[in-house]
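Contents: one structure, followed by commentary.
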Amino acid sequence: MVEANYWQYYLSLEEDIDRLFRYIEPSEHNFSAYSVELTRLYLAICSEIDVLLKAYCKLLDAGSFASKINEYAEVVVSSKKSLCSETVNLQRFGLSMTPFYEWEQRTTPVWWKKHNGVKHNRDVNFRDANLGNVLNSFAALYLLNLYYYHERSSIELRKQGFFEPLEATVVSLKSRLDLLKIDSVLLNVQER
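Going by the numbering used here, the first residue of the sequence shown is number 3, and it counts up by one from there.
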C-alpha cells in the first residue's frame, strides 16, 4: 500500500498560493477578490481538508466513520480541543487566521460553508471563492497537516513512554516557502 503523503500535497498548494501573491496582495482589503484561479485553489484545498480530516479522525479514533464536517468536528474537538484556538500567521503580510474557532461553539467554519456553496452551486456562489476564504481554508489545511503528523509520530512515542511537543513536528515538516506559522509554536520557541 502506498502511503498518502499529505504534506507533499500541501507543499504543492503552498507553491500555488505563493504564486498567487504575485497577482493579488494578501491583504484584508483584497479578501473579497475572486477569480477562476481562486476557485480552483479553494476547491482543491477544501477537498484535501476533507481527505485529511477523514485520515486524522481514524488516527484519533480507529473506529471512526466520520465523513462529514460536523462528524469530523465531533471527533477532533473531543480529542484535540487546542486545534480550535490555534492561530496561523501569514507572517510576511501581517495576517492572522484562526480557521477552526467556530468548532468551539459547535458550528461549521464559515469558509467550509462557503466552499460547499461554491462546490454545489458555483454559478450562484462564485464570489465566495474569494481570497479570504482561500486563505482561511489554506490555514486550516496547514494546521491539520501539523496535527495529523504530530499525532502519527506521537502514537509510537507514547507506546515507549515519551512525549513529542508540536514544535518538533513543525521543525520536521520542511517547507521551501515557510509561508505559515502557528502562534503556539512561535511563542514556545521564543520563550526558550
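A virtual CB, placed ideally from N, CA and C, is assigned to each residue, including glycine. Owing to the predicted nature of the structure, the values given are computational and were not obtained by experimental measurement.
- Rounded to the nearest whole angstrom, the CA to CA distance from F164 to I157 is 10 Å.
- In the DSSP assignment, the residues bridged to I184 are V90.
- Assignment of beta-bridge partners to S80 by DSSP yields no partner.
- For the options Y36, R42 and Y25, the alpha carbon positioned closest to that of R129 is the one of Y36.
- Three or more Cβ pairs closer than 8 Å define a contact, and the segment 9-21 meets that threshold against the segment 45-60.
- The beta carbon of A75 sits closer than 6 Å to those of W105, all from its chain and outside the five residues before and after it, given in chain order.
- Boundaries of the beta strand (DSSP E) around S98: L97 to M99.
- The residue from R154, L179 and S177 with its alpha-carbon nearest to that of P167 is R154.
- Going by C-alpha positions, N132 is about 23 Å away from C86.
- Cβ-Cβ separation between L137 and L92: approximately 7 Å, consistent with a contact (criterion under 8 Å).
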